[in-house]
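Chemist: Residue numbers (the numbering used here): 26 to 428.
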Ligand code: ATP
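What follows is the structure in structure tokens.
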């Protein structure tokens, strides 16, 4: 499937139509207050376009994991309020625990062109994550057309991302979805070279397929974070008490050999920031030492890349034309162990290359460090962007109508 062959919102005739838009309003909440509104802001271009075209705009999303039951603390009500402020117009919130109930039906029936209705958290219904037919049909009964703009949920075949498409006239990608596909798709399938990918995060096992796919695409693969130590073990180094997945040592050895065959450079830590124990709480003061990567003592663990590694990685980024980064270089939640992650974020902020952050922790790290606006693209979907980097087809995009 070519993602570019799918209809986008501009290919639909939306004037006067009821358009259901699947957004990603899965925002962080603290005591009912939205603490980061990025996802709401990211949804605005599609919503505003539809309003300008005279559509009736019905919005839906999941929020958190209510596990198929109504949970008041995971109601989308606060999103309706914030969204209404952003749009400068009323957003009618249809507070049905069953998502498509009497409130939703009445609100949609009363809509005029240019009105906005937001449905309740789709995961209040257990069928949502099972792609059940009843909820898909109910969602479809509210609308004529469907637009998927929730990249963060595009790797899941749920009622509100895939099932509903069987019950509407046409489906299309929204602007945010199209932007994600354009950046991630171009980077992975048609990168301006040198193409450098940086992988970090806790476990090798989470990123096996990503490593394998990127070995076929990238010029350089940089490895940091907890996953680096299984690679170092594969090189025969002792890694002390660092995070290690013994069952994946052979896999890492094979990847190192394959990279050599293909002429892909793999960079691993040359020095490490080590400590006696994992910090508890995670941001506690901690005594650290820097040692070469091949002499980590048996009773110590590496919790960040060292300064020489940070410089090596930053230099590689300097010469790149495309960089994709997923996963922190160390336990970045602790300021003493965030230096490697900060150095990489800074290198990305300073390079002229196209820089793409694959969502999740790396996106949070880049934003917290204040480098957000220096990146070409920060993906709104951690899991979805990872699956994209694995080369998998995303069902939430595949289900859209062809052009
Ligand atoms: P993303 O969310 O960006 O897709 P992710 O893969 O970061 O990437 P995780 O695999 O959960 O998510 O990895 C992030 C976690 O890994 C962080 O909480 C960080 O503290 C931890 N981590 C990083 N380096 C180490 C290390 N050397 N030892 C132990 N934990 C580490």
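Heads up, the beta-carbon is just placed ideally off N, CA and C, and yes, glycines get one too.
Only a predicted model underlies this, so the values are computations on that prediction, with no experimental measurement involved.
1. Any heavy atom of the ligand ATP inside 7 Å of the beta-carbon of residue 351?
2. For residue 91, is the classification buried or exposed, using 16 other Cβ atoms within 10 angstroms of its Cβ as the cut-off for buried?
3. At what residue ranges does the stretch 66-93 contain a whole run of the beta strand (DSSP E), taking only runs of 3 or more?
4. With distances taken from CA atoms, which of 129, 312, 334, 246 is nearest residue 414?
5. For the stretch 57-72 against the stretch 94-108, are there 3 or more C-beta pairs whose distance is under 8 Å?
6. Taking just the CA atoms, how far does residue 367 sit from residue 295?
7. Pull up the distance between the alpha-carbon of residue 53 and that of residue 289, whole angstroms please.
8. Determine the burial state of residue 320: buried for a count of at least 16 other Cβ atoms within 10 Å of its Cβ, exposed for fewer.
9. What's the C-alpha gap between residue 112 and residue 357?
10. Taking DSSP as the reference, what is the three-state secondary structure of residue 432?
11. Verify whether the separation of the beta carbon atoms of residue 432 and residue 143 is less than 8 Å.
12. Quick check on residue 31: does DSSP put it in helix, strand or coil?
13. Per the DSSP calculation, residue 327 is bridged to which residue(s)?
14. Determine the direct distance from the alpha carbon of residue 309 to that of residue 157, and round the result to whole angstroms.
15. Tell me residue 43's beta-bridge partners as DSSP assigns them.
16. Per DSSP, which residues does residue 427 bridge with? Please list them.
17. What does DSSP give as the partner residue(s) for residue 98 in the beta ladder?
18. Could you check where the alpha helix (DSSP H) with residue 247 kicks off and where it finishes?
19. Which term fits residue 307, buried or exposed, when burial requires 16 or more other beta carbons within 10 angstroms of its beta carbon?
20. So residue 382 is in the beta strand (DSSP E); what residue range does that whole segment cover?
21. Between the Cα of residue 44 and the Cα atoms of 27, 31, 68, 79, which residue gives the shortest distance?
22. Helix, strand or coil: which one does DSSP assign to residue 317?
23. Any heavy atom of the ligand ATP closer than 7 Å to the beta-carbon of residue 231?
24. Is residue 227 close to the ligand ATP? I mean its beta-carbon at under 7 Å from any heavy atom of the ligand.
25. Taking the DSSP output, what are the residues bridged to residue 55?
26. Compute every distance between the C-beta of residue 267 and the non-hydrogen atoms of the ligand ATP, then say whether any falls below 7 Å.
27. Pick helix, strand or coil for residue 266, following the three-state DSSP scheme.
28. Count the C-beta pairs between the stretch 320-335 and the stretch 194-203 that are closer than 8 Å, then say yes if the count reaches three, no if not.
29. Quick one: what does DSSP say residue 415 is sitting in, helix, strand or coil?
30. Can you tell me which of 97, 272, 348 puts its alpha carbon nearest to the alpha carbon of residue 382?
31. For my contact list, residue 185 and residue 222 are in at a C-beta cut-off of 8 Å; report their separation, rounded to the angstrom.
32. Are there any heavy atoms of the ligand ATP lying less than 7 Å away from the beta-carbon of residue 358, as far as the coordinates show?
33. Does the stretch 201-217 come close enough to the stretch 388-399 to have 3 or more Cβ pairs within less than 8 Å?
34. For the ligand ATP, any of its heavy atoms closer than 7 Å to the Cβ of residue 386?
35. Could you check whether the Cβ of residue 435 sits closer than 7 Å to any heavy atom belonging to the ligand ATP?
36. Are residue 138 and residue 71 touching if we call contact CB-CB under 8 Å?
Modeler: Here's the rundown:
1. For this step, residue 351 is matched to residue 326 along the chain shown. Answer for residue 351: yes, Cβ within range of the ligand ATP.
2. Reading the chain shown from its first residue, position 66 is the one you call residue 91. Its Cβ being crowded by 16 or more others within 10 Å, residue 91 is buried.
3. 81-85
4. As a first step, residue 414 must be located in the chain shown, where it is residue number 389. Answer by Cα proximity: 246.
5. yes
6. Here residue 295 corresponds to residue number 270 of the chain shown, with the count starting at 1. Here residue 367 corresponds to residue number 342 of the chain shown, with the count starting at 1. Computed Cα separation, rounded: 17 Å.
7. By 1-based counting over the chain shown, the position of residue 53 is 28. By 1-based counting over the chain shown, the position of residue 289 is 264. Taking the straight line from one Cα to the other gives about 39 Å.
8. As a working mapping, residue 320 is identified with position 295 in the chain shown. Under this definition residue 320 is an exposed residue.
9. Walking along the chain shown from the start, residue 112 turns up at place 87. Walking along the chain shown from the start, residue 357 turns up at place 332. Roughly 35 Å between the two C-alpha positions.
10. A query on residue 432 cannot be resolved here, the shown segment of the chain reaching from 26 to 428 and no further.
11. Because the chain in this structure spans residues 26 to 428, residue 432 falls outside the shown range and cannot be described.
12. As a first step, residue 31 is located in the chain shown; it is residue number 6 there, counting from the start. Strand at residue 31.
13. For this step, residue 327 is matched to residue 302 along the chain shown. Residue 327 is bridged to 299.
14. Residue mapping note: residue 157 aligns to position 132 of the chain shown, counting from 1. Residue mapping note: residue 309 aligns to position 284 of the chain shown, counting from 1. Looking at the two C-alpha atoms, the distance is approximately 46 Å.
15. If you number the chain shown from 1, residue 43 lands on position 18. Paired residue(s): 81.
16. Here residue 427 refers to the residue found at position 402 when the chain shown is read from its first residue. 31.
17. Numbered from 1 along the chain shown, position 73 holds the residue referred to as residue 98. According to DSSP, which records beta bridges pairwise, residue 98 is partnered with nothing at all.
18. The sequence position of residue 247 within the chain shown is 222, counting from 1. Counting along the chain, residue 247 falls outside any alpha helix (DSSP H), though it belongs to the beta strand (DSSP E) covering 245-248.
19. Within the chain shown, the letter at position 282 stands for residue 307. Exposed is the call here.
20. Translated into the one-based positions of the chain shown, residue 382 becomes position 357. Per DSSP, residue 382 belongs to the beta strand (DSSP E) from 379-382.
21. Residue 44 sits at position 19 when you count from the first residue of the chain shown. Ranking 27, 31, 68, 79 by Cα distance to residue 44 puts 79 first.
22. In the chain shown, residue 317 corresponds to position 292, counting from 1. In the structure shown, residue 317 sits in a strand (DSSP, three-state: E or B).
23. Indexing the chain shown from 1 puts residue 231 at position 206. Yes, the Cβ of residue 231 comes within 7 Å of a heavy atom of the ligand ATP.
24. By 1-based counting over the chain shown, the position of residue 227 is 202. Residue 227: yes, Cβ under 7 Å from the ligand ATP.
25. Numbered from 1 along the chain shown, position 30 holds the residue referred to as residue 55. DSSP output for residue 55 lists 58 as bridge partner(s).
26. Taking the first residue of the chain shown as 1, we reach residue 267 at position 242. Residue 267: yes, Cβ under 7 Å from the ligand ATP.
27. In the chain shown, the residue the question calls residue 266 occupies position 241. Three-state DSSP puts residue 266 in coil, outside helix and strand.
28. no
29. The sequence position of residue 415 within the chain shown is 390, counting from 1. In this structure, residue 415 counts as coil in the three-state DSSP scheme.
30. Reading the chain shown from its first residue, position 357 is the one you call residue 382. The candidate whose alpha carbon is nearest that of residue 382 is 348.
31. Mapped onto the chain shown, residue 185 falls at position 160. Mapped onto the chain shown, residue 222 falls at position 197. Going by Cβ atoms, the distance from residue 185 to residue 222 rounds to 31 Å, so no, they are not a contact pair.
32. Taking the chain shown and counting its residues from 1, the one referred to as residue 358 is at position 333. Yes, the beta carbon of residue 358 sits closer than 7 Å to at least one heavy atom of the ligand ATP.
33. no
34. Within the chain shown, the letter at position 361 stands for residue 386. Checking every heavy atom of the ligand ATP against the Cβ of residue 386, one is found closer than 7 Å.
35. Lying before the first or after the last residue shown, residue 435 is absent from the chain, which here runs from 26 to 428.
36. In the chain shown, residue 138 corresponds to position 113, counting from 1. In the chain shown, residue 71 corresponds to position 46, counting from 1. The answer is no: Cβ separation not under 8 Å.
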